[in-house]
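Letter by letter, the sequence shown follows residues 121 to 469 of my numbering.
Note that the Cβ used here is the ideal one computed from N, Cα and C, for glycine as well.
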Amino acid sequence: MTTTSVKNISIIGIVSVLPEIELANIDQTCVTDIEKVIASTGIHSRRVVGPQQTALDLGNFACQQLLAELAWDINDVALIVFVTQTPDYPLPGNAVLLQNKLNLPKTTLAFDVNLGCSGFIYGFWLVSQLLNGLKGSKALLVVGDTTSQQYSDSNRSVSSLFGDAVSAIAIEKTPSTDEITFNFGSDGSGAPYLIQPNNGARNPGISPELFMDGTQVFVFTLREIPKSIMQCVEQKGWRLADIDYCIMHQANEMMLKRLAKKLGLNTDQVIISMKNIGNTSSASIPLALCLSLSEQLTTRSCKLILSGFGVGWSWGSAAMTSSPLRVCQLIDLASDNNLYFPFKQLKTL
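Written as structure tokens, this is what we have:
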């Protein structure tokens, strides 16, 4: 595993968007013993997009809200990175399309990163490193997937787990800010255990069908993530007792509780927030921040451990002291659809 750090960088705002459709897991007739699945995963329902709604749609809306809340001058945005495994098109990428939708200047760097549940940590590190090398001071990181479009309703291994969401994160250069420590790892031998093998260059013209071996995912997570978090904490010079909150990828409740027990974290430190949204891939960490910690993050500094892990295998952790955020907002389209997001007015490329 690789440990590194960045200086003079802060997250200053987050807007997360949940789509309006909610599917109750108790109605999943294809899953045997669904009550036991709900009890072990902690996922009672999931939020999914409707027809012709995409991660780019949600990302565009999240960014519009974030830019308005921060009153940023769009000419100051030097970089936009979109981390997603469900882009609108094979090409061009979502980031370039979003740069145009937001009317960002042509000087804005824009590109996609194909990562899943570790994507927020990788994206945060990548944007931080690049921003420190650019003249501009502001960047947008957009993370999230519409994973519900990658499997059929009859897929017993994943249909009760994965939901859709997108988060937009505002990142700025902030001199003299506390150093952020990162730890990363990759192990491609895990690729067969969490894979969407269809409709790419290898198996073209076949409907997407996500496959997951839950046992292998669980074993990988318990083997690698405690080590990654501990290396990150030790490099930071902290003890686990020093941290305010540990926000891990919201895969399932049983997994997070096992990780917390292995690390020796108490229940007040560990955030669990997937009950009514499901596993939302790379959006799950910033979404959990908006769902569970908005008041704390906007009113005071917090010592945070963030850790994402999954498809690849790929994992990353971060230790940081957050300054009070200017915005930490969840927009739930189930209640605010007409006000915020008129889908029928969206235009495709």
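- Judged by beta-carbon spacing, Cys183 lies within the 7 angstroms limit of Ala288, meaning their Cβ atoms are closer than that value.
- The straight-line gap separating the alpha-carbon atoms of Asn223 and Val201 is approximately 15 angstroms.
- Phe302 and Leu330 have their alpha carbons spaced roughly 29 angstroms apart.
- Residue pairing by DSSP places Cys366 opposite Val390, Ile425 in a beta bridge.
- Here Asn319 has Ile326, Pro328 as same chain residues with Cβ atoms under 6 angstroms from its own Cβ, once five neighbours each way along the sequence are excluded.
- Gly256 is not bridged by DSSP to any residue.
- For Asp307 and Asn145, the gap between their C-alpha atoms comes out near 32 angstroms.
- Looking at Gln172, Ile241, Lys221, the one whose alpha-carbon comes closest to that of Trp435 is Ile241.
- Scanning the stretch 217-253 for uninterrupted beta strand (DSSP E) segments of 3 residues or longer gives 229-233, listed from N- to C-terminal end.
- Residue environment analysis places Asn195 among the exposed positions, since fewer than 16 neighbouring C-beta atoms fall within 10 angstroms of its C-beta.
- For the stretch 137-167, the full-length beta strand (DSSP E) segments reaching 3 residues or more read 141-144 along the chain.
- Taking a cut-off of 8 angstroms on C-beta distances, the stretch 126-142 touches the stretch 443-450, as three or more cross pairs fall below it.
- Counting the other CB atoms within 10 Å of its CB gives Pro139 a total of 16 or more, which places it among the buried residues.
- Residue environment: Leu342 is assigned as exposed (fewer than 16 neighbouring CB atoms within 10 Å of its CB, all protein chains considered).
- The C-alpha of Phe304 lies about 22 angstroms from the C-alpha of Gly334.
- For Trp435, the pairing in a beta bridge is given by DSSP as Gly305, Phe429.
- Per the coordinates, the alpha-carbon of Cys366 lies some 27 angstroms from the alpha-carbon of Ala311.
- Within 10 angstroms of the beta-carbon of Cys352 lie 16 or more other beta-carbons, which makes it buried.
- Residues of the same chain with a CB within less than 6 angstroms of the CB of Trp245, apart from the 5 flanking positions on each side, are Phe302 in chain order.
- Cys237 counts as buried, since at least 16 other C-beta atoms from the protein chains shown sit within 10 angstroms of its C-beta.
- In the three-state reduction of the DSSP assignment, Ile349 falls in the helix class, which pools H, G and I.
- For Thr294, no pairing in a beta bridge is given by DSSP.
- Between the beta-carbon of Leu314 and that of Val137 there is about 25 angstroms, and that puts the pair past the 8 angstroms contact cut.
- Contact between Thr267 and Asp232 does not hold, since their C-beta atoms are separated by about 16 angstroms, which reaches or exceeds 8 angstroms.
- For Ser442, the closest C-alpha among the options Ser455, Cys422, Asp452 is that of Cys422.
- Residues Asn128 of the same chain have their beta carbon placed closer than 8 angstroms to that of Ser296, with the five preceding and five following residues left out of the count.
- The beta carbons of Ala198 and Leu251 sit about 7 angstroms from each other, so the pair counts as a contact at 8 angstroms.
- Exclusion of the five residues before and after Ile392 leaves Glu373, Leu376 as the residues of its chain whose Cβ lies within less than 6 angstroms of its Cβ.
- Residue pairing for Leu261: DSSP places it in a beta bridge opposite Val201, Ile289.
- The three-state reading of DSSP puts Asn214 in helix, counting H, G and I together.
- Linking Asn220 to Ala188 through their CA atoms gives a straight-line distance of about 17 angstroms.
- For Asp452, the enclosing beta strand (DSSP E) starts and ends at 447-452.
- As a beta-bridge residue in DSSP terms, Val126 pairs with Ile300.
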